[in-house]
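Using full-length UniProt numbering, read the sequence shown as starting at 1 and increasing by one per residue.
The C-beta atom is built at its ideal place from N, Cα and C for all residues, glycine as well.
Every value quoted in this text rests on a predicted model; they were computed, and no experiment measured them.
What follows is a short report on a single structure.
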Amino acid sequence: MSNQNQTLTLSALQQRLQSGQTSAVELAQDYLSKIKQSDLNAFIDVQPDITLAQAKAADALRASGQAGPLTGLPIAHKDIFVTKDFRSTAGSHMLENYRSPFDATVVERLDQAGMVTLGKLNCDEFAMGSSNENSYFGAVKNPWDKQAVAGGSSGGSAAAVAAGLAPAATGTDTGGSIRQPAAFCGITGIKPTYGKVSRYGMIAYASSLDQGGPMAHTAADCALLLNAMAGFDAKDSTSLERANEDYTAQLNQPLAGLRLGVPKEFFGAGLSEEVGAAIETAVQALEKLGAVRVEVSLPRTELAIPAYYVIAPAEASSNLSRFDGARYGYRAPEYRDLLDMYKQSRAQGFGAEVQRRIMVGTYVLSHGYYDAYYLQAQKIRRLIAQDFAQAFTQCDVIVGPVAPTVAWNIGEKANDPVANYLADIYTLAVNLAGLPGMSMPVGFGTQAHTKTRPVGMQLIGNYFAESRVLNVAHQYQQATDWHTKTPEGL
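Structure, rendered in structure tokens:
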């Protein structure tokens, strides 16, 4: 299989497996070879023996006529999902050598579907970041321009798919962490409605916001993966009991009469001209396919940032209290007593951004500040959800940018965490409201850099409208070719 073929979609690879052009073992070997040669720092752990054993089992299933739609297809997992056979680090020194005794539900379901795991992908530490520079294992490079960040926190996932190191990957999205790296790396990714994909075995950052989802080249591939990933899980108390649906069923529905909501707040100061122009061109392309543009308003968009950066750190400070050096994970080599062991282990095991968010979270939950900050943020969260509810009375799908700019350079915002936070302005509200949102590639910009860098458009649906959002993206991708573009040198 040539390098160019390594950016094939899951559907195309599936046809090759079915026709006997290739085997699951050959596919796995080709991807493992590409991973070994890559300098993007996208993978944290690769275990070729385990991968090839899974591929061999998939070939046996195919030979016996028991193959499903995903059998033998390779995938890589964001290192937030715990795995028995690979390390589960969350991109942190705290869990650098941790091995889980069980698989996350998402990993288990994709295994049961017959997919072959290529390895674990780099991410911002405990999924805290917008650039993948907060990983203990170093920044992931963007395959379109290795000077650029890959986006975060699922940067390893996005870079691996864009560079053809894996045809698909899992990601998690707490405030944009599937959509933003997908946009920066020119691939497709969807964050489903909160509760649609099990969080069991997902190393928690902010439990009321975290949601897993698929990342791939196309909306059709994401739909195929979501069929296997989504569904009720009794082991996750936030999992929704709803009938399973086939997310591929509505992909070919025409867009005639679809009302596209364009929020005026998404196109104001701060949005780069190049990104704005690419989004406008994409909206016009959807109009040619029969969609109708409707102006809507999301008046509390700007409040999403302060609300999110109170709620998420508060939940993080609680979730990360379990990492104390006593039970599992990193333990400081020297300490005076039990309290000092806790202090030393956490100070040495957590990176700067994680410590910052724990401190903020602990502060806003402390006596005398809970009502002033956390409670107020939760009230704003409810108002943001109401804004979306109002908008969806006027439209079917909301469209806009994923991020205000294309990917910035590695190190460019390293000393300015607030600048990093502001880059999430268009994505955070979707998580606060628990809505499904996705990113698809719609063009390129340079933003004064030497190489062009991808632009992604965000599609936001009402609750449980994943099929509609995927349908819009698929119809757009049938009419355009942005999703087929690959970085130089592949």
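Distance from the CA of residue 45 to the CA of residue 166, rounded to the nearest whole angstrom, comes to 14 Å. Residue state for residue 145 is assigned as strand, using DSSP reduced to three classes. With fewer than 16 other CB atoms across the displayed protein chains lying within 10 angstroms of its CB, residue 418 is exposed. Take residue 10, set aside five residues on each side of it, and the residues of its chain with a beta-carbon closer than 7 Å to its own are 73, 167, 168, 216, 221, 224, in chain order.
DSSP lists 120 as the bridge partner or partners of residue 45.
Relative to the Cα of residue 229, the nearest Cα in the group 77, 39, 433 belongs to 77.
Taken through DSSP and simplified to helix, strand or coil, residue 166 comes out as coil. Excluding the 5 residues flanking it on each side, residue 138 has same chain C-beta neighbours closer than 6 Å at 41, in chain order.
If you compare the alpha carbons of 151, 32, 347, 269 with that of residue 93, the shortest gap goes to 347. DSSP places residue 384 in the uninterrupted alpha helix (DSSP H) bounded by 376 to 391. Pairing residue 239 with residue 195, the inter-Cα distance amounts to about 4 Å. Note: residue 461 is bridge-paired with 397 in the DSSP secondary-structure output. Only exposed fits residue 338, as fewer than 16 other CB atoms lie within 10 angstroms of its CB. For residue 29, the uninterrupted alpha helix (DSSP H) run begins and ends at 24 to 37, by DSSP.
DSSP links residue 439 through a beta bridge to 189, 458. One Cα belongs to residue 484, the other to residue 102, and the distance between them is close to 36 Å. Considered as a whole, the segment 207 to 234 harbours 219 to 229 as its complete alpha helix (DSSP H) runs of no fewer than 4 residues, in chain order.
Inclusion of residue 189 and residue 203 in the CB contact set at 8 Å is not warranted, their separation being larger than that value.
The residue among 310, 344, 134, 444 with its C-alpha nearest the C-alpha of residue 380 is 310. With a cutoff of 8 Å on beta-carbon distance, residue 127 and residue 172 are scored as near each other.
The straight-line gap separating the alpha-carbon atoms of residue 97 and residue 326 is approximately 15 Å. Selection 375, 134, 468 evaluated against residue 415 yields 134 as nearest (Cα-Cα).
Assignment of beta-bridge partners to residue 202 by DSSP yields 81. Between residue 147 and the set 446, 457, 486, the nearest pair of CA atoms involves 446. The criterion of a C-beta distance shorter than 8 Å is not satisfied by residue 153 and residue 111. With distances taken between CA atoms, residue 43 lies nearest to 122 out of 15, 269, 122. In this structure, residue 51 sits away from residue 61, with a CB-CB distance that is not shorter than 8 Å.
In this structure, the alpha-carbon of residue 259 lies about 23 Å from that of residue 425. Sequence-distant partners of residue 231 (beyond 5 residues in either direction) whose C-beta falls short of 7 Å from its own C-beta, in its chain, are 244.
Among the bridge pairs identified by DSSP, residue 337 is matched with none. Straight across, the Cα-Cα distance linking residue 141 with residue 479 is about 30 Å. Rounded to the nearest whole angstrom, the CA to CA distance from residue 464 to residue 180 is 21 Å.
Contact between residue 58 and residue 114 holds: their C-beta atoms lie close to 5 Å from each other, under 8 Å.
Excluding residues up to 5 positions away in sequence, 265, 425 lie with their Cβ nearer than 8 Å to the Cβ of residue 302 in the same chain.
By the CB criterion at 8 Å, residue 344 and residue 402 fall outside the cutoff. Contact between residue 397 and residue 261 holds, with the beta-carbon distance rounding to 7 Å and staying under 8 Å.
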